[in-house]
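*Asks:* Chains E and G supply the protein sequences, listed in that same order.
Last residue of the first sequence: number 118 in my numbering, and the count goes up by one each step with no gaps.
Last residue of the second sequence: number 1165 in my numbering, and the count goes up by one each step with no gaps.
Virtual Cβ for every residue (Gly too), placed ideally from N, Cα, C.
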Amino acid sequence: MKIEIFDPAMCCSSGLCGPGVDPLLIKMNETVLALIKQGVEVQRYNLAQQPKEFMANKKVAELLHKKSKNVLPVTMVNGEVFKTGEYPCYEDICSKLGIKTFKNRPLTVIS
Amino acid sequence: MTKYIFFSGKGGVGKTTMACATAIHYALHGRKTLIVTTDPASNLADVFEQEIGHKETPISGIGNLHAMEIDPDEATKEYQERIIGPFREIMPDDVITSLEENLSGPCTTEMAAFDRFIDFMGTDEYEIIIFDTAPTGHTIRLLELPVDWSKHIEESAQGSGQTCLGPVQSLQDSKDKYDRATSLLKDTERTDFIFVMRPEELSLYETLRASKELETIGINSGEIIINGILPEEVCEIEFFRKKYEAQQKIIKKTETAIEKIKRYMLLRDNEVKGIDALKGVAMELFKEGVEGQRFWIKKHKTEDTRLKTEKSILPSGKPDIEKLLLPSGGTKAIFFTGKGGVGKTTISCVTAVYTAQKGLKTLIVTTDPAAHIGEVFDVKINDESTKITENLFGVMIDQDKAFIEYKERIIEETRGKYSDDMLAAMEEELNSPCIAEMAAFDKFIRFIESSAYDVIVFDTAPTGHTLRLLDLPFDYAKQAEMMIDTTEGAKTKRETENRFQKIIELLRNPKQTVFCLVLYPESTPIIESYRAMIDLKNAGIETQLVVANMVLPEEVCVNDFFKNRLRMQMRYLREIQNKFNLPVLQFPMMQEEIKGLNQVIKAAVIF
Chain E
8 MKIEIFDPAM CCSSGLCGPG VDPLLIKMNE TVLALIKQGV EVQRYNLAQQ PKEFMANKKV
68 AELLHKKSKN VLPVTMVNGE VFKTGEYPCY EDICSKLGIK TFKNRPLTVI S
Chain G
559 MTKYIFFSGK GGVGKTTMAC ATAIHYALHG RKTLIVTTDP ASNLADVFEQ EIGHKETPIS
619 GIGNLHAMEI DPDEATKEYQ ERIIGPFREI MPDDVITSLE ENLSGPCTTE MAAFDRFIDF
679 MGTDEYEIII FDTAPTGHTI RLLELPVDWS KHIEESAQGS GQTCLGPVQS LQDSKDKYDR
739 ATSLLKDTER TDFIFVMRPE ELSLYETLRA SKELETIGIN SGEIIINGIL PEEVCEIEFF
799 RKKYEAQQKI IKKTETAIEK IKRYMLLRDN EVKGIDALKG VAMELFKEGV EGQRFWIKKH
859 KTEDTRLKTE KSILPSGKPD IEKLLLPSGG TKAIFFTGKG GVGKTTISCV TAVYTAQKGL
919 KTLIVTTDPA AHIGEVFDVK INDESTKITE NLFGVMIDQD KAFIEYKERI IEETRGKYSD
979 DMLAAMEEEL NSPCIAEMAA FDKFIRFIES SAYDVIVFDT APTGHTLRLL DLPFDYAKQA
1039 EMMIDTTEGA KTKRETENRF QKIIELLRNP KQTVFCLVLY PESTPIIESY RAMIDLKNAG
1099 IETQLVVANM VLPEEVCVND FFKNRLRMQM RYLREIQNKF NLPVLQFPMM QEEIKGLNQV
1159 IKAAVIF
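Here it is as structure tokens:
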């Protein structure tokens, strides 16, 4: 089980750097932590820091050329493009992977 | 093996002059020498009277000598290009643009300038490399950076493997580089630190502080140059005699307080500019002059009449201080900026006392990591607002404390909303040196945003760094714009954008914010302040006042030495008038250093 997330160019994927805490990134970060706990392999690439990886992945490179940067973030599940333009939610990823949602994960509250 | 010599010290003590003279000394002795400045507001070109810029430039007239001014913007471009370059051809334009935008944030700029600086610590192309650094506080920060980054990379390697600079793996090389630089800095065989100071209380205090701070990161070497000592024979006038005696007292104090090799430099009757003048300084510094030769005093024919005529052309009338500095609805923010050592802190303190005396609730804030407002008022100022006198409060932004508070606040706000794993991951990420800058800035704007005071006086760090600080709201506004626009994130994005937009508007509103430049009537402070004014103008901020500090009182300048200095000042006061085209407030040189609340109150009469 492998998830790869190709983030747009940003300071850091945690959402804590810069002008304010980005709740969306925090939520994604938490999703990632939960998936790792469930034994899913997760790789994250930040365009600003690892542009090479974006070109090395044929599917991502092609998407970038066709639809430009608005296609990011791109989430791939087991090598297939799963979601583009926004982050998927935890439940969707679990159902795609065919695993149960992690019971002990307290829900992230976003006001 | 290359030898590295760092010049450090409070702003305006003559670091650049001493560094240049030292560079000339070694070059004249046949050593291949490079002088590099890391000060974003560099004066090397002015001192050498030739263009230098962001490249190793041979200095004409001196073989073996090269100079370079690290330009933070250029360094950032180079840093960007190293990362983006390989992708220019193969990625769509808008992806490249977004990469460029992202790699121009505050963090990258700091990293890039540092990277360029550290590059020189690995080269063997020169025998001697002299670093003319930015004023103390920031230099120490620069030298601590490799330690901080190295630690951050190490910690992250054990945790998420992600740092805000990128994945740990790709940073291992950088970490090695930082570690090498750190060990080189500590190597007393290869690295020397020279502190330049003036025979003044504040300068001694800062030298002691800086040398202690360097010791805490393991840097122990050092020499002291005491610069600007009044020659005894020119002090036959009461006014200067008293100053001379005060200086001698501080020199004695320095001798007992600091056990380092010391060199002594006398004040000259004119400024040091150009190669010949620098050669003279070098000879004096390394005691190569003929014994007893007094080349700092040039005999000039004094023409009293000319002196008077020059004075009469000077700006007449005092600026309308009341109109400029007192609020007219809403809080008024007053910023003082300018070259290091021109007396920003003193002028800020005097201003704060002036507005407080007008019955306005005033807060004086310092953002200078080497804060002195407490020294001037003779009261303890810390990161909590402290009452100094009726209507007057003082506070210091302590970057380390701001950092801890900021982290705690974020963790507190998020506690209960997220899992423990998430909290742990967040804490790790929050330890980045990037966040430290954000935290200090956050604290700084909270003062601007609050309406708890009628007047807030900001005593800021020297020009280059102040401009960087003021760039931050623009940078952050832009970053907020780039936040991903989704229904969930939209609210945060909008709020953040609005917040920074409001701050920018506030800074640009001349009724709410006043920018004042403080300078000496001398060449380099004028050039540096002028650049600052242009930079501010480009950001839509108008400067409204120039304070010319340390103007010699005419009636005490009765011998050749001081007549020459006064004549030099007159020439520059005229230049200030023509060049800035702003109201100029002349602030006279006082017989005693302005220290203690009573002295500040006395000085406030000038307003």
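(1) Report the residues of the stretch 40-66 of chain E with a CB closer than 9 Å to any CB of chain G, ordered along the chain.
(2) Cα-Cα, which of G:H930, G:N660, G:T913 and G:T574 is closest to I1164 (chain G)?
(3) Only counting the same chain, and skipping five residues up and downstream in sequence, which positions put a Cβ closer than 8 Å to that of V1116 (chain G)?
(4) Please identify the residue among G:I1006, G:G896, G:V900 and G:R973 whose C-alpha is closest to the C-alpha of I922 (chain G).
(5) By the criterion of Cβ-Cβ separation under 8 Å, what are the contact partners of P1079 (chain G) in chain E?
(6) So which residues on chain E does L661 (chain G) lean against when the C-beta distance must stay under 7 Å?
(7) With distances taken between CB atoms, is the gap from I593 (chain G) to A579 (chain G) smaller than 8 Å?
(8) Report yes or no: is there a C-beta of chain E within less than 8 Å of the C-beta of I871 (chain G)?
(9) Against chain G, does N85 (chain E) count as a neighbour if the rule is that its beta carbon must be under 8 Å from one of theirs?
(10) DSSP three-state label for K811 (chain G), please.
(11) Quick one: is Y976 (chain G) near chain E, going by C-beta distance under 8 Å?
(12) State the DSSP-derived secondary structure class of M1108 (chain G), mapped to helix, strand or coil.
(13) Spatial neighbours of M679 (chain G) within its chain, please: CB distance less than 6 Å, with the 5 preceding and 5 following residues excluded, ordered by chain position.
(14) Thinking just about the alpha-carbon of each residue, which of E:I12, E:M8, E:D29 and E:N85 is nearest to the one in E1053 (chain G)?
(15) What separation, rounded to the nearest whole angstrom, lies between the Cα atoms of D941 (chain G) and Q1157 (chain G)?
(16) With a Cβ-Cβ cutoff of 8 Å, do T560 (chain G) and D690 (chain G) count as a contact?
(17) For Y684 (chain G), which of G:G619, G:K744, G:L657 and G:Y584 has the nearest alpha-carbon?
(18) Name, going along the chain, the residues of the stretch 627-653 of chain G whose beta-carbon falls closer than 9 Å to a beta-carbon of chain E.
(19) Under three-state DSSP, which class holds S943 (chain G)?
(20) Judging by CA-CA distance, which residue of G:F1138, G:V1114, G:V1109 and G:I1062 is the nearest neighbour of Q1127 (chain G)?
(21) Following the continuous beta strand (DSSP E) through H624 (chain G), name the residue where it begins and the one where it ends.
(22) Under three-state DSSP, which class holds M83 (chain E)?
(23) Among the residues of its own chain, which have a CB less than 7 Å from the CB of Y763 (chain G), if the five just before and after it don't count?
(24) In chain E, which residues lie less than 8 Å from L772 (chain G) when you measure between Cβ atoms?
(25) Which bits of chain G does E37 (chain E) rub up against, with CB to CB less than 9 Å?
(26) Determine the extent of the beta strand (DSSP E) in which C1074 (chain G) is found, giving its start and end residues.
(27) Identify, in the order they occur along the chain, each residue of the same chain with its Cβ nearer than 6 Å to the Cβ of N1067 (chain G), setting aside the five sequence neighbours on each side.
(28) Short check: CB of I1099 (chain G) to CB of L1064 (chain G), under 8 Å?
(29) Could you give the first and the last residue of the continuous alpha helix (DSSP H) run that contains K573 (chain G)?
(30) Given that L71 (chain E) touches chain G, what residues does it touch there, using C-beta distances under 9 Å?
(31) Please report how far the alpha carbon of M996 (chain G) lies from the alpha carbon of A625 (chain G), in whole angstroms.
(32) According to the neighbour-count rule (16 or more other Cβ atoms, all chains shown, within 10 Å of its Cβ), is K897 (chain G) buried or exposed?
(33) Output yes if chain G places a C-beta closer than 8 Å to the C-beta of S102 (chain E); else output no.
(34) Look at the Cβ atom of K744 (chain G), then the Cβ atom of E781 (chain G), and state whether they are nearer than 8 Å.
(35) Would you tell me roughly how many angstroms separate the C-alpha atoms of Y637 (chain G) and F61 (chain E), rounded to the nearest one?
(36) Kindly indicate which residue of G:T765, G:L1143 and G:G899 has the alpha-carbon position closest to the one of L1104 (chain G).
*Replies:* Based on what the coordinates show:
(1) L40, A41, I43, K44, R51, Y52, N53, L54, A55, Q56, Q57, P58, K59, F61 and M62
(2) The residue given as residue 1164 (chain G) occupies position 606 in the second sequence. Minimum Cα distance to I1164 (chain G) is reached at G:T913.
(3) Position 558 of the second sequence, counted from the first residue, corresponds to residue 1116 (chain G). Excluding residues within five positions, the ones whose Cβ falls inside 8 Å are I795.
(4) Reading the second sequence from its first residue, position 364 is the one you call residue 922 (chain G). The shortest Cα separation from I922 (chain G) among G:I1006, G:G896, G:V900 and G:R973 belongs to G:I1006.
(5) For the purposes of this step, residue 1079 (chain G) is identified with residue 521 of the second sequence, where counting begins at 1. The premise fails here: P1079 (chain G) is roughly 40 Å from chain E at the closest Cβ pair, so nothing lies under 8 Å.
(6) For this step, residue 661 (chain G) is matched to residue 103 along the second sequence. Ordered by position in chain E, the residues that pass the 7 Å Cβ test against L661 (chain G) are A55.
(7) Translated into positions along the second sequence, residue 593 (chain G) becomes position 35. Translated into positions along the second sequence, residue 579 (chain G) becomes position 21. Cβ atoms of I593 (chain G) and A579 (chain G): not closer than 8 Å.
(8) As a working note, residue 871 (chain G) is residue 313 in the second sequence. Bear in mind that a pLDDT of 45 at I871 (chain G), under 50, signals an unreliable position, so the number given afterwards is only what the model happens to contain. For I871 (chain G), the answer is no, since every Cβ of chain E falls outside 8 Å of its Cβ.
(9) Locating residue 85 (chain E) in the first sequence gives position 78, where the first residue counts as 1. By this cut-off, N85 (chain E) is not an interface position.
(10) On the second sequence, residue 811 (chain G) is found 253 positions in, with the first residue counted as 1. DSSP places K811 (chain G) in helix when its eight states are reduced to three.
(11) Here residue 976 (chain G) refers to the residue found at position 418 when the second sequence is read from its first residue. Taking Cβ atoms only, chain E reaches closer than 8 Å to Y976 (chain G), which makes this a yes.
(12) Here residue 1108 (chain G) refers to the residue found at position 550 when the second sequence is read from its first residue. Here M1108 (chain G) sits in strand by DSSP.
(13) The count along the second sequence starts at 1 and reaches residue 679 (chain G) at position 121. Excluding positions up to five away in sequence, the list reads A739 and L742.
(14) On the second sequence, position 495 is the one that residue 1053 (chain G) refers to. Nearest C-alpha to E1053 (chain G): E:D29.
(15) Indexing the second sequence from 1 puts residue 941 (chain G) at position 383. Indexing the second sequence from 1 puts residue 1157 (chain G) at position 599. Taking the straight line from one Cα to the other gives about 24 Å.
(16) For the purposes of this step, residue 560 (chain G) is taken as residue 2 along the second sequence, with counting starting at 1. For the purposes of this step, residue 690 (chain G) is taken as residue 132 along the second sequence, with counting starting at 1. No; because the gap between Cβ atoms is not below 8 Å, this pair is not in contact.
(17) What you label residue 684 (chain G) is simply residue 126 of the second sequence in a count that begins at 1. Selected option, being the one with the closest Cα: G:Y584.
(18) I641, I642, P644, F645, I648, M649, P650, D651, D652 and V653
(19) Taking the first residue of the second sequence as position 1, residue 943 (chain G) is located at position 385. Of the three classes helix, strand and coil, the one that applies to S943 (chain G) here is coil, per DSSP.
(20) In the second sequence, the residue the question calls residue 1127 (chain G) occupies position 569. Measuring from the Cα of Q1127 (chain G), the nearest candidate turns out to be G:V1109.
(21) Looking up residue 624 (chain G) in the second sequence gives position 66. That run of the beta strand (DSSP E) goes L623 to E627.
(22) Looking up residue 83 (chain E) in the first sequence gives position 76. M83 (chain E) falls in the strand class under three-state DSSP.
(23) Numbered from 1 along the second sequence, position 205 holds the residue referred to as residue 763 (chain G). Taken in chain order, the residues that qualify are E933.
(24) Against the second sequence, residue 772 (chain G) aligns to sequence position 214. Those within 8 Å of L772 (chain G) in chain E number zero; the least Cβ separation is about 29 Å.
(25) Within the first sequence, the letter at position 30 stands for residue 37 (chain E). Per Cβ cutoff of 9 Å: Y976, S977, D979, M980 and A983.
(26) Residue numbering aside, residue 1074 (chain G) sits at position 516 when the second sequence is read from its first letter. T1071 to L1077 is the span of the beta strand (DSSP E), which, as asked, contains C1074 (chain G).
(27) Translated into the one-based positions of the second sequence, residue 1067 (chain G) becomes position 509. There are no such residues.
(28) The residue given as residue 1099 (chain G) occupies position 541 in the second sequence. The residue given as residue 1064 (chain G) occupies position 506 in the second sequence. Result no, Cβ atoms of I1099 (chain G) and L1064 (chain G) do not sit closer than 8 Å.
(29) Locating residue 573 (chain G) in the second sequence gives position 15, where the first residue counts as 1. Segment K573 to L586, the alpha helix (DSSP H) holding K573 (chain G).
(30) Residue 71 (chain E) sits at position 64 when you count from the first residue of the first sequence. Those within 9 Å of L71 (chain E) in chain G are M649, P650 and V653.
(31) Within the second sequence, numbered from 1, the residue matching residue 996 (chain G) stands at position 438. Within the second sequence, numbered from 1, the residue matching residue 625 (chain G) stands at position 67. Using only the alpha carbons, I get a separation of about 33 Å.
(32) In the second sequence, the residue the question calls residue 897 (chain G) occupies position 339. So K897 (chain G) counts as buried.
(33) In the first sequence, residue 102 (chain E) corresponds to position 95, counting from 1. No, S102 (chain E) does not count as interfacial toward chain G.
(34) What you label residue 744 (chain G) is simply residue 186 of the second sequence in a count that begins at 1. What you label residue 781 (chain G) is simply residue 223 of the second sequence in a count that begins at 1. In this structure, E781 (chain G) does not lie closer than 8 Å to K744 (chain G) by Cβ.
(35) Your numbering for residue 637 (chain G) matches position 79 in the second sequence. Your numbering for residue 61 (chain E) matches position 54 in the first sequence. Answer to the nearest angstrom: the Cα atoms are 20 Å apart.
(36) The residue you call residue 1104 (chain G) lines up with position 546 of the second sequence. It is Val, not Leu, that sits at residue 1104 (chain G) in the sequence shown. Among G:T765, G:L1143 and G:G899, the Cα nearest to that of V1104 (chain G) belongs to G:L1143.
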